[in-house]
Amino acid sequence: MMTDVVESSGGPARHDDPAGAQPTEADPTGAAAARTGTGDTVAAERIVAIRERIDEIDRTLIALWQERAALSQEVGVTRMASGGTRLVLSREREILERFRSELGADGTQLALLLLRAGRGPL
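Start counting the sequence shown at 5; every next residue gets the next number (our numbering).
And the structure:
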């Protein structure tokens, strides 16, 4: 995965990549191989299509993250304006458990980030 980041940022290509960015009859510039990591045209097209869907999902996740953070902040402001506490730890534990049970250890980390985005650091 780190290789993709380095390659897409203009860094050096991997030397152990057999496809490299070699030109082919179907792709005379080798651009597909440079973008997808394969010189196989069919595989490269499939990779591009999958990545387009991943990008759509990422845009949706970002929008949902921002909406969730704003709603969480609104809950906190409303609660504090009515004399309530800044945090409700039982609610945070409920969210942490939901994410942990569905996604495992990574879910716990994700939930912690979501909670911090909504309430700020402790």
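Note that CB positions come from ideal geometry on N, CA and C, so glycine has one too.
As the structure is a prediction and not an experimental result, all values here were calculated from the model.
Would you call the CB atoms of residue i and residue j closer than 7 Å?
i: A73; j: G41; result: no
i: A213; j: L100; result: Coverage of the chain is limited to positions 5 through 126, which leaves residue 213 absent and any answer about it impossible.
i: A36; j: A47; result: no
Can you give me the start and stop residues for the alpha helix (DSSP H) that residue i sits inside?
i: G122; result: 109 to 123
i: L75; result: 45 to 85
i: R39; result: 35 to 40
Report all residues from its chain with a CB closer than 7 Å to the CB of residue i; omit the five preceding and five following residues, and keep chain order.
i: S76; result: G122, R123
i: F103; result: G111, T112, L114, A115
Between residue i and residue j, what straight-line distance do the alpha-carbon atoms span, to the nearest angstrom?
i: S86; j: S94; result: 19 Å
i: I58; j: G88; result: 41 Å
Between which residues of its own chain and residue i is the CB-CB distance below 6 Å, once the five residues before and five after are set aside?
i: L119; result: E96
Taking 8 Å as the limit between beta carbons, can you name the residues of its chain near residue i, skipping five residues before and five after?
i: W69; result: L118, A121
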